[in-house]
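Protein sequence lines, in the order shown, are assigned to chains X and D.
Using the working numbering, read the first sequence as starting at 248 and increasing by one per residue.
Using the working numbering, read the second sequence as starting at 248 and increasing by one per residue.
Below is one structure, written out as structure tokens; the observations come after it.
Protein chains: 2
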Amino acid sequence: MPSALDTFKERWARISILEQTMAILGWDMETYMPEGGVAARSEQMALLSELAHQWLISDETARLLEDAERESKGGDYFAVDVSMLRAARRTYDQRVKIPEQLVSRMARTTAKANSIWVDARARSDFGAFAPILAELIEMNREQADCLGFTEHRYDALLNLFEPDLKTSTVEQLFSEMKGELVPLVKEITGHEKSPDTGFLNQKFSTAAQEAFGLVVLKDMGYDFRRGRQDRSAHPFTTSFSPYDVRITTRYDEKDLLSALFSTVHEGGHALYDQGLPLDLVNTPLCQPISLGVHESQSRLWENIIGRSRSFWIHYLPILKQHFPGQLDGISLDQFYRAVNRSRPGLIRVESDELTYNLHIFIRFEIEKDLIGGSLSTGEIPSVWNEKYRNYLGITPPDDARGCLQDIHWAHGSFGYFPTYTIGNLLSAQLYNKALEDHPSIPSEIEQGNMRTLLGWLRDRVHRHGSRYTFAELVMEITGGEVQVGPFMKYLSDKFRELYP
Amino acid sequence: MPSALDTFKERWARISILEQTMAILGWDMETYMPEGGVAARSEQMALLSELAHQWLISDETARLLEDAERESKGGDYFAVDVSMLRAARRTYDQRVKIPEQLVSRMARTTAKANSIWVDARARSDFGAFAPILAELIEMNREQADCLGFTEHRYDALLNLFEPDLKTSTVEQLFSEMKGELVPLVKEITGHEKSPDTGFLNQKFSTAAQEAFGLVVLKDMGYDFRRGRQDRSAHPFTTSFSPYDVRITTRYDEKDLLSALFSTVHEGGHALYDQGLPLDLVNTPLCQPISLGVHESQSRLWENIIGRSRSFWIHYLPILKQHFPGQLDGISLDQFYRAVNRSRPGLIRVESDELTYNLHIFIRFEIEKDLIGGSLSTGEIPSVWNEKYRNYLGITPPDDARGCLQDIHWAHGSFGYFPTYTIGNLLSAQLYNKALEDHPSIPSEIEQGNMRTLLGWLRDRVHRHGSRYTFAELVMEITGGEVQVGPFMKYLSDKFRELYP
């Protein structure tokens, strides 16, 4: 007779496989689906979403979970089985609170919202997006009420992406960051010596950009037998299982750096997904811990590695080979300074490391008020623009470069943005620890060898799947909590050296 | 209260949407999926297939179908509702006979078989494919026994693709065809004046091939807002719904004609799928009648139109523009004769109109014996090669160009091939009727105007979905049965003019 755990795992695997098919449909929708397919795709995703939800919250699943929990009682807290059931319980308890009818309504609406957003952004027409956005906000408020919260309605949504994190904690961390970041940004923005980036004002063949990005991805250890790269309106990573983890990017021949760093960023996400435990595939443990942890991976690769001097010691010569005659006279120092030029900008995904988190603060504050109820959809553009003026000193000339720039709200995701900054904080803590364990990492990277770093991440983070929570992982690796200090020290050391 | 029919339609829509998602997964598998994704994809497809099957054959579906049938009793035979329930009943009665366990086993095995076949074909290694092929044949025999048959076990499989068609009818039609075709092929193969095709021995840019193919597809009326074209190992058309109908092709710079005619062929399929009744989407009527009818569409476009003199009057100048300097001196007559050159060849999908059906006779005879039990898997290559010697006078030098060339068996499809020839027969009957109604069609095509023809097909065939059976459609349009005569007259007129 199979154990209660095995029976439960079988049940869970079916849910997991169904969720994989949803991810495939989502990937297709954003890469290759013809426009006419939108309505039918909404129906398809709504049905699968409804079904996966039904299965997850069914009495059958509850019963099998309870049986398995009873069976594994008394086991070691971090044992695979015990951790697996804890992860499953967390998911179940969260999902059981959301009515099926709301789940399928949200899936149907977000599938529609996606193409409306693409269109509205192209025409910079917030008014065209506003009605469906208002619907999505309302559904999210409804969802938060179903999920329940003690302090702030926004907590409930935040926890969909970052379990256990409180709005008040985010406010506290962000406030501490602001205290250091705002003066630092001012200092650097006002600095007289701006790096020379004139050499970037050329056209760079998108085919060569793609080829160079693929070289870096391969060196990072991204496994193309278990993944691929395509193009989409907004770069993303999607994982159908660790066996098929795909990334997307977008190219602009007038911008050498944007696609490159987005590729390294998505590559960092993908390495995490490809590194999840293959022997636990289709179980509750074969999942990333949270978006914050996910973002710590992408940020570590994109910024701490991809924008480091060590990285470009190896890659600048290779980049030059990809663009013959275009970067000939550029020195390492010039290039390193150029890829790290800090200047307040309008677009989050193109912003520099230093100012990036200011973009997040803005989104967090707007979302919090939208969900809290003190801000209405129609007010978004003006509040957005005002905050950009206050935090970054610039005003978006239109909504395409303002509040329509991100895909998240069209996806129905509120509470997602703060995890970017949480990920930044964690990335510095993780890298410090990796360096402590392997002081040779920077000199290896100077030779294009990123295997020690990936090996460390695989061993300390990836292979555990969701055995630990965010807080447990941070405690396990650093012996403490997530902190503002290490990231701010990294930033200020780096940028004070760049802008002496 | 909703009518019994409405309740039934709601149930059917869910099944239909689930089948759409399977088609999306299948498309991805053959176009973009990385190799590492195979095993997980098998599981995904098996789960969806099992689920769709369960839903279809459930007591719930049976009860709702019976209720709706009772409600619509006495209605006109060809009324939408009555036809819809008849189509649903046909599908239900067929599918209820196949055990769920067999369905999911077949789905899992075919997903695996696909990549094994791709690999075996690349290495021309039948031995590598044989074990899983034997499994698939055994499962198909099992399936035939579940479905039941009166004359020949093969009937049961044939009817999965062409309902009501009997092996004995196929034998009779094919035998009548052979009586005329074999002497005709001999006459033409032995003809002293072989068309000059030397000008085709050049390299033709695949980008230009693609661009020209897209021009033709657009002119045919293929709607790119509801479809797209990609590349795959074997060209195919897949329909997720009439809102998203995709085709694939493959290019070879040494072969100008292969991708072009495969594009027109798949385009013909796609026009049928895009032309299905949008107001009946997700109902049992929003489906093609059968593979034979489907093939009549692709063959009509590919051969009767695409290989006609009228077609090339318009398109040869456009083709020349796509390949500057490469086809300058080629006359219409030269080109028309070249695209219709008949010569026995090894590859079915590259064979000419005249010899094509000989390839089908071979596959039909082998399948019939495999399923009947008088032939074993291991014997396929030798029997295959012997039949090619006997029917076409040539011997495949390896299995890649022999019995490994087609994807069908790897898909677990037996009984599919005969529908190609049935489609050829019907295509001639349909085109004769269209000409009778609109004698201007050839002169319109000379101007690249295919709208009257498409309009006629939409009106007489596409928009009815599966309201009629194959036999009812043929009766409705031609007043009789499917016949060998019209197609053979078309072939012999055309080829006796080409080879005077």
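C-beta: ideal position from N, C-alpha, C; glycine also.
Please state the DSSP three-state secondary structure of residue i.
{"i": "I494(D)", "result": "strand"}
{"i": "R478(D)", "result": "strand"}
{"i": "S621(X)", "result": "coil"}
{"i": "T444(X)", "result": "coil"}
{"i": "D275(X)", "result": "helix"}
{"i": "T416(X)", "result": "helix"}
{"i": "S690(X)", "result": "helix"}
{"i": "T510(X)", "result": "helix"}
{"i": "D499(X)", "result": "strand"}
{"i": "S739(X)", "result": "helix"}
{"i": "T666(X)", "result": "helix"}
{"i": "F421(D)", "result": "helix"}
{"i": "F459(D)", "result": "helix"}
{"i": "S713(D)", "result": "coil"}
{"i": "T530(D)", "result": "coil"}
{"i": "F451(X)", "result": "coil"}
{"i": "F483(X)", "result": "coil"}
How many Å lie between residue i and residue j at the Cα?
{"i": "I560(X)", "j": "V432(X)", "result": "27 Å"}
{"i": "R355(D)", "j": "S289(D)", "result": "5 Å"}
{"i": "I271(D)", "j": "P531(D)", "result": "19 Å"}
{"i": "I688(D)", "j": "L677(D)", "result": "13 Å"}
{"i": "L428(X)", "j": "T510(D)", "result": "58 Å"}
{"i": "V365(X)", "j": "G592(X)", "result": "21 Å"}
{"i": "R710(D)", "j": "D466(D)", "result": "20 Å"}
{"i": "A681(D)", "j": "L700(D)", "result": "7 Å"}
{"i": "S543(X)", "j": "P249(X)", "result": "39 Å"}
{"i": "K741(D)", "j": "E597(D)", "result": "19 Å"}
{"i": "M386(X)", "j": "E297(X)", "result": "16 Å"}
{"i": "G620(X)", "j": "E398(X)", "result": "14 Å"}
{"i": "I262(D)", "j": "G695(X)", "result": "51 Å"}
{"i": "R590(D)", "j": "Q449(D)", "result": "19 Å"}
{"i": "A455(D)", "j": "V462(D)", "result": "11 Å"}
{"i": "S441(X)", "j": "P644(X)", "result": "24 Å"}
{"i": "I552(D)", "j": "F558(D)", "result": "6 Å"}
{"i": "D706(D)", "j": "I692(D)", "result": "19 Å"}
{"i": "Y468(X)", "j": "G712(X)", "result": "The question names Tyr, yet the displayed sequence has Gly at residue 468(X). About 18 Å."}
{"i": "R698(D)", "j": "L507(D)", "result": "20 Å"}
{"i": "H569(D)", "j": "G726(D)", "result": "44 Å"}
{"i": "R258(X)", "j": "I264(X)", "result": "10 Å"}
Taking 8 Å as the cut-off, decide whether the C-beta atoms of residue i and residue j are in contact.
{"i": "N671(D)", "j": "R595(D)", "result": "no"}
{"i": "L574(X)", "j": "T666(X)", "result": "no"}
{"i": "T444(D)", "j": "K615(D)", "result": "no"}
{"i": "S505(D)", "j": "Q267(D)", "result": "no"}
{"i": "D520(D)", "j": "T278(D)", "result": "no"}
{"i": "N529(X)", "j": "A260(X)", "result": "yes"}
{"i": "Y746(X)", "j": "H438(X)", "result": "yes"}
{"i": "L752(D)", "j": "V729(D)", "result": "As displayed, chain D neither begins before 248 nor continues past 747, which places residue 752(D) out of reach and without an answer."}
{"i": "I536(X)", "j": "F446(X)", "result": "no"}
{"i": "A286(D)", "j": "Y638(X)", "result": "no"}
Along chain C, in chain order, which residues have C-beta atoms closer than 9 Å to that of residue i?
{"i": "T484(X)", "result": "Absent from the structure is chain C; the protein chains it does hold are X and D."}
For this session: Determine contact between the segment 508-525 of chain D and the segment 311-318 of chain D, defined as no fewer than three beta-carbon pairs at a distance below 8 Å.
Result: The segment 508-525 of chain D is not in contact with the segment 311-318 of chain D.
Exercise. Could you give the uninterrupted runs of the alpha helix (DSSP H) lying entirely in the segment 337-409 of chain X, keeping only those of 4 residues or more?
Worked result: Look at the segment 337-409 of chain X and you find these whole runs of alpha helix (DSSP H), each 4 residues long or longer: 347-369, 373-394 and 400-408.
Exercise. Looking at C-beta atoms only, is the number of pairs between the segment 321-332 of chain X and the segment 359-367 of chain X that lie closer than 8 Å three or more?
Worked result: No: fewer than three Cβ pairs fall under 8 Å.
Problem set entry | Every unbroken alpha helix (DSSP H) within the segment 533-588 of chain D, with a cutoff of 4 residues, ordered by chain | Fully contained in the segment 533-588 of chain D are the following alpha helix (DSSP H) runs of length 4 or more, in chain order: 538-546, 556-569 and 579-586.
Problem set entry | Cβ contact check for the segment 661-671 of chain X and the segment 406-422 of chain X: 3 or more pairs under 8 Å | Because the criterion of three Cβ pairs below 8 Å is met, the segment 661-671 of chain X and the segment 406-422 of chain X touch.
Exercise. For the 8 Å Cβ check, are there 3 or more pairs between the segment 415-428 of chain D and the segment 600-614 of chain D?
Worked result: As far as the Cβ criterion goes, the segment 415-428 of chain D touches the segment 600-614 of chain D, which means the pair count is three or higher.
Exercise. Are the segment 297-304 of chain X and the segment 333-347 of chain X touching by the rule of at least three beta carbon pairs closer than 8 Å?
Worked result: Contact between the segment 297-304 of chain X and the segment 333-347 of chain X is present, because at least three Cβ pairs lie under 8 Å.
For this session: Decide if the segment 640-660 of chain D is in contact with the segment 367-375 of chain D; the criterion is three or more beta carbon pairs, one per stretch, under 8 Å apart.
Result: At 8 Å Cβ cutoff, the stretches touch.
Exercise. Where in the segment 591-664 of chain D do unbroken runs of the alpha helix (DSSP H), each at least 4 residues long, occur, reported from the N-terminal end onward?
Worked result: As far as the segment 591-664 of chain D is concerned, its whole alpha helix (DSSP H) runs of at least 4 residues are 603-619 and 627-634.
For this session: Examine the Cβ distances between the segment 481-492 of chain D and the segment 269-285 of chain D and report whether three or more of them are shorter than 8 Å.
Result: Three or more Cβ pairs closer than 8 Å define a contact, and the segment 481-492 of chain D meets that threshold against the segment 269-285 of chain D.
For this session: Identify every run of the alpha helix (DSSP H) within the segment 272-333 of chain D, keeping only runs that are complete inside it and at least 4 residues long; order them along the chain.
Result: As far as the segment 272-333 of chain D is concerned, its whole alpha helix (DSSP H) runs of at least 4 residues are 285-304 and 306-319.
Exercise. Per the contact definition of three or more C-beta pairs closer than 8 Å, is the segment 389-401 of chain X in contact with the segment 334-344 of chain X?
Worked result: Taking 8 Å as the limit for Cβ pairs, the verdict is that the segment 389-401 of chain X does touch the segment 334-344 of chain X.
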